[in-house]
Amino acid sequence: MNRKMEEKRSWDWHTELTEIAFEEWKTRFNWVQAPRVSMDGERIAAVVNLDEMAFTVCVNGDVWEGEYEKVWSLTPVSENGFAAFAARDEEWTMNVNGTEWSNWCDFIWNMMVSPDGTRLGAAFQTDSEYGVIVDDVPWEDRYENMTGAVMAPDGTSAAVVQVESMAAADVDAFKKGVFCVARNGKAMDRRFLNIWDISFDADARNIACGVRTDRETYGIVQNNSVWDNRFESVWKPAFLDADTLLAPVRSGGKWHLYKNDAPFWANAYDQLWHLTISPDGSQVAAIVSSPFGRWTVAVNDRVWQQSWDTMVADIHFSADGSCLAAVYKHKEFWDLAVDETPWHMAADMVFVPRISKDGSVVAVVVEKQGQYQLVVNKRVVASGYRFMAEPVISPDGTKVMLKGIENGIYKRKIIGL
Amino acid sequence: MQSQDNTMTDPSNETKQAEKAKQKATDPAIEAGLERLTPERIKKTINQVLEKETGPRFKAYVETCMRCGLCAEACSYFLSNDRDPRFMPAAKVKNTIWEMLVKKGEVSRDFLREAVRISHLECNVCKRCAMYCPFGIDIAYMMLLVRRICHKLEITPQYIQDTVNSHSVTLNQMWVKDDEWIDTLQWQEEDAREEFEDLQIPLDKMGADIMYSVIAPEPKFQAGLIYQTAAMMHAAGIDWTMPSTPGWDNSNMAMYTGDNEISGRIAKAFFETAAKLRVKRIVMGECGHAFRSVYDMGNRWNSWVMPPFEVVHALAFYHELLTEGRITIAEKYKKKVTLHDPCNVSRGRGLHDKAREVVNMVCEDFVDMVPNREHNFCCGAGGGVINCGPPYKGERMVNNRNKAEQLAATGAEVLIAPCHNCHSGLEDIIQHYDLKMEIKFLGDLMYETMEKKIYKPGA
Ligand code: SF4
Ligand code: SF4
Ligand code: SF4
Chain A
870 MNRKMEEKRS WDWHTELTEI AFEEWKTRFN WVQAPRVSMD GERIAAVVNL
920 DEMAFTVCVN GDVWEGEYEK VWSLTPVSEN GFAAFAARDE EWTMNVNGTE
970 WSNWCDFIWN MMVSPDGTRL GAAFQTDSEY GVIVDDVPWE DRYENMTGAV
1020 MAPDGTSAAV VQVESMAAAD VDAFKKGVFC VARNGKAMDR RFLNIWDISF
1070 DADARNIACG VRTDRETYGI VQNNSVWDNR FESVWKPAFL DADTLLAPVR
1120 SGGKWHLYKN DAPFWANAYD QLWHLTISPD GSQVAAIVSS PFGRWTVAVN
1170 DRVWQQSWDT MVADIHFSAD GSCLAAVYKH KEFWDLAVDE TPWHMAADMV
1220 FVPRISKDGS VVAVVVEKQG QYQLVVNKRV VASGYRFMAE PVISPDGTKV
1270 MLKGIENGIY KRKIIGL
Chain B
33 MQSQDNTMTD PSNETKQAEK AKQKATDPAI EAGLERLTPE RIKKTINQVL
83 EKETGPRFKA YVETCMRCGL CAEACSYFLS NDRDPRFMPA AKVKNTIWEM
133 LVKKGEVSRD FLREAVRISH LECNVCKRCA MYCPFGIDIA YMMLLVRRIC
183 HKLEITPQYI QDTVNSHSVT LNQMWVKDDE WIDTLQWQEE DAREEFEDLQ
233 IPLDKMGADI MYSVIAPEPK FQAGLIYQTA AMMHAAGIDW TMPSTPGWDN
283 SNMAMYTGDN EISGRIAKAF FETAAKLRVK RIVMGECGHA FRSVYDMGNR
333 WNSWVMPPFE VVHALAFYHE LLTEGRITIA EKYKKKVTLH DPCNVSRGRG
383 LHDKAREVVN MVCEDFVDMV PNREHNFCCG AGGGVINCGP PYKGERMVNN
433 RNKAEQLAAT GAEVLIAPCH NCHSGLEDII QHYDLKMEIK FLGDLMYETM
483 EKKIYKPGA
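So the protein sequences, as listed, match chains A and B.
Sequential numbering of the first sequence, starting at 870, is according to our numbering.
Sequential numbering of the second sequence, starting at 33, is according to our numbering.
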């Protein structure tokens, strides 16, 4: 069992209701920013203002020790905790549960949290040089420009960096290619006009990305080589396993799925993106459009029967790959479809669904007329909340944890299914 | 309609100099690009675009045009250049794509040099001519096709190409770095707290009602506009957010160079940012072409027939704030104002009446320019023209004479231009023709006249 599951199992699944007076904080502070809820639901936190240019984070009513000029990007991390970027004397650092990192910089952004919440990374800039910092260890090499920083579950980091200066509007220099992938700070050899969407395999030993090799030629990079085939465009590639790379590519005005530099799926689509591989590696899915203007999902190149007129925002597999949920918008309304079956909720918004390991339970927060509801397997189990964080399904799939604010009170509710 | 004699003289007598400059203006990107071309590449590229990337629309246009010249009167370039026939919309087609078609792509470098100029600098793809053509022929579409060919041949003018390069790397048009963007928002937020103690520019707020998006010149040069919007959002009690991640810039110059692939990538990032933040609608600042990108061109390349989120232009948003009483005007603006209808939001989206209603709610003394609404003359800067950069400013001023006359005739002290490109282009015109007008965004006036108090529902 992985760490995340173990941790989840250790959470309190018995106390039916825990309440924390949240709105009341407004009487203690000048103002309280948007709430965030810890992974286990036991804590609610917000950036709060104490005085002019004096901010901190309030967690369950207790404030972090430090006071800062600015605090932003408050994010739940492991151990019921929170991390945020914080500035003092115009210098920035990461603050994790009230404890500052030892490294300070001129700016810090792009909070990256590993799926189990234990590793933390960010992009930083100091003296106009850019790099990535992971768990308080910054890259040794810095660059004049950096985009698209990513972090693998094990803390391996990478970003697109500029390795040669360009004068203003120097289109010639650009044409020669001045960008590289830097992995853990070390720039790789090949330079490209553009590099997008760096992806790692599960162990972060292999790396891939989409590139542009000249004005209208796009390619896929797999470790140190570029696929031989060239395309009209490409989207984010994904590793099926360490040796197998998949990528959506465009040719002849249509989108195709390629595997290790050769056609993989037989069908061509008007769009094909958000390539999503089930955690067990058994299923490959993508958001597709076909015919033009209709949106749906393809799983192993088989297209769902249903399609929608506006968009499919994201798709999510259960851990065992048996269940796939899609958040979509159709005729002005948001909805969820689970394994091809629409839930017909006609919501104003549908947030990211949570799915039990075996795919039998799907829980999602939706918003209707300004009120949040929790819907589990199509059944509304709670409504009338002004805010809800994403729910958690118990490891055995028999309970759902609601995390929401109702009448100014934060509630952690365990709901039996 | 426009009178036929163009009487305005160039006060700084720069016309002749500009003419000279025009002859001399060489663009290193165009010249280097032409140098690299072989007849085979030219032919192959043109035929590929004409055969693979055009549909029945193109064939119909080419076959239907009667060369009647009715469209000529519509075009600011024609009117500004003493009715020189080479500026007739139909002539622009004749001298570019028509010739490429007839010669099956066997055209010279000199021909292409001229085609770049016509399509990028002598047409701002405003679509005004299409309204006057009995067949509705869309010359702008054909000029964009020429630009597409130029893009593939790598002979796009330098400055606009650099803008597209920036889009491709940073997803914004001005090489604004990720940290600079966020820092600017935080700085505006801090400044605005002088006025509203608890004002926030909420970054990445999941589930907010509105994502507010701007174009890169705002953080780069006009951060005060973000301040003003933040003040309005705060006072109006709007649940809003701005993204800290790329995807915040709604502009799209790639759409204007024919780099459809980068254009699509920009539109994807934009809408996916809204989807990731789970907002209900997107409000965008005062920009015309960005509206066209997200409403028409960028979305379609991605297979979105319509934009996946409701995109509300600032004009319509101000209208909403005022009519819902979320913002009230303390005292109307006194000076005599006129309004420039940006073609992309007016001709393209029909927002001209709403715009007038807002102006009348905010200003005491409004005078329309003639022609107006969807018939308005273009600013002469849009469609990527101003983005071709300083080398072409002189000739742009010549090509805008007609607009200068239209502005002067209003007698207004203040010109409202609710579009960034229009704003910059019109500012140049005002200076060049010494028009003694101030230029403002509608947001400037909204902010200046609004009551600085917080909206309370039902109050
Ligand atoms: S689109 Fe506008 S600028 Fe271009 S030819 Fe027509 S009227 Fe003239
Ligand atoms: S008005 Fe229409 S048909 Fe006549 S010349 Fe112009 S484009 Fe051709
Ligand atoms: S910049 Fe403004 S008026 Fe000018 S072409 Fe664009 S939208 Fe039209």
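A virtual CB, placed ideally from N, CA and C, is assigned to each residue, including glycine.
query, result
"In the stretch 214-225 of chain B, which residues sit with their C-beta less than 7 Å from some C-beta in chain A, listed in chain order?", "I214, D215 and Q218"
"Count the C-beta pairs between the stretch 207-227 of chain B and the stretch 137-147 of chain B that are closer than 8 Å, then say yes if the count reaches three, no if not.", "no"
"Taking 8 Å as the threshold (C-beta atoms), are B:G415 and B:V157 in contact?", "yes"
"Output yes if chain B places a C-beta closer than 8 Å to the C-beta of A:V1040; else output no.", "yes"
"A:D1178 and A:G1162 look like a contact to me (Cβ under 8 Å); what is the Cβ gap, rounded to whole Å?", "7 Å"
"May I ask whether a heavy atom of ligand 2 can be found less than 7 Å away from the beta carbon of B:L102?", "yes"
"Closer than 7 Å: is that where the CB of B:Y109 sits relative to any heavy atom of ligand 1?", "yes"
"Of the residues that make up the stretch 308-336 of chain B, which ones have a beta carbon closer than 9 Å to any beta carbon in chain D?", "No chain D appears in the structure shown, which is made up of the protein chains A and B."
"In this structure, what does DSSP give as the bridge partners for A:Y1197?", "A:V1181 and A:D1204"
"Residues in its own chain within less than 8 Å of B:D373 by CB, not counting five upstream and five downstream?", "R379, H384, A387, N404, R405, E406 and N408"
"Could you work out which residues of chain B lie near A:S1191, taking near to mean beta carbons separated by less than 8 Å?", "Per Cβ cutoff of 8 Å: no residues; A:S1191 is ~26 Å from chain B at best."
"Could you tell me the distance, in whole angstroms, from the CA atom of A:V1040 to the CA atom of B:N197?", "8 Å"
"Could you tell me which residues DSSP pairs with A:G1088 in its beta bridges?", "A:V1080"
"Anything in chain A within Cβ reach of B:A61, meaning under 7 Å, just list it in chain order.", "V1040"
"Does chain B have any CB closer than 8 Å to the CB of A:W1008?", "no"
"Starting from B:Y191, find everything on chain A with Cβ-Cβ shorter than 7 Å and list it in chain order.", "A1038"
"Distance, Cα to Cα, A:A914 vs A:A1071?", "32 Å"
"Check the C-beta distance from A:A952 over to A:T962 and give it rounded, since I have them as a contact under 8 Å.", "11 Å between Cβ atoms; not a contact."
"Within a Cβ cutoff of 6 Å, which residues of the same chain sit near B:M174, ignoring the five residues on either side of it in sequence?", "V125 and I129"
"Please compile the residues from chain B whose C-beta is within a distance smaller than 7 Å of the C-beta of A:F976.", "D211 and D215"
"Applying a beta-carbon distance threshold of less than 9 Å, which residues of chain B neighbour A:A992?", "D210 and D211"
"Could you tell me how far apart the beta carbons of A:V1006 and A:R988 are, in whole angstroms, since I believe they sit closer than 8 Å?", "Rounded, the Cβ-Cβ distance is 11 Å, inconsistent with contact."
"What residues in its chain sit with their C-beta under 8 Å from that of B:P60, if we drop five residues either side in the sequence?", "Q190"
"In angstroms with no decimal places, state the Cα-to-Cα distance between B:M132 and B:K300.", "32 Å"
"Shorter than 7 Å, the distance from the beta carbon of A:D1097 to the closest heavy atom of ligand 5, or not?", "Of the ligands one can find in the structure shown, namely ligand 1, ligand 2 and ligand 3, none is ligand 5."
"By the 10 Å Cβ neighbour count, where 16 or more other Cβ atoms means buried, how is A:G1121 classified, buried or exposed?", "exposed"
"Out of A:V1029, A:P1022, A:D1112 and A:R905, point me to the one whose CA is closest to A:F1061's CA.", "A:V1029"
"Along the stretch 142-160 of chain B, what residues have a CB closer than 8 Å to any CB found in chain A?", "none"
"Using the beta-carbon count (16 or more within 10 Å), is B:P498 buried or exposed?", "Since the displayed chain B opens at 33 and closes at 491, residue 498 of chain B lies outside it and no answer follows."
"Under 8 Å Cβ to Cβ from B:S35, same chain only, skipping five residues before and after it: list those, please.", "Confidence at B:S35 is low in this model, with a pLDDT of 37, below 50, so the placement of that residue should be treated as unreliable; the coordinate-derived value is given next. So the list is empty, once near-sequence residues are dropped."
"Grab me the residues of B:F323's own chain with a C-beta within less than 6 Å of its C-beta, minus the 5 sequence neighbours each way, in chain order.", "H345, N376 and V377"
"Residue ranges of each beta strand (DSSP E) run of no fewer than 3 residues wholly in the stretch 871-927 of chain A, ordered along the chain?", "886-890 and 913-920"
"Using only CA atoms, which one of A:E911, A:R1255, A:V946 and A:N899 lies nearest to A:T925?", "A:N899"
"With DSSP as the reference, label A:I1067 as helix, strand or coil.", "strand"
"Curious, which full-length beta strand (DSSP E) runs of at least 3 residues does the stretch 275-341 of chain B contain?", "313-316"
"Under 8 Å between beta-carbons, which chain A residues line up against B:S200? List them in chain order, please.", "L1062, N1063 and R1081"
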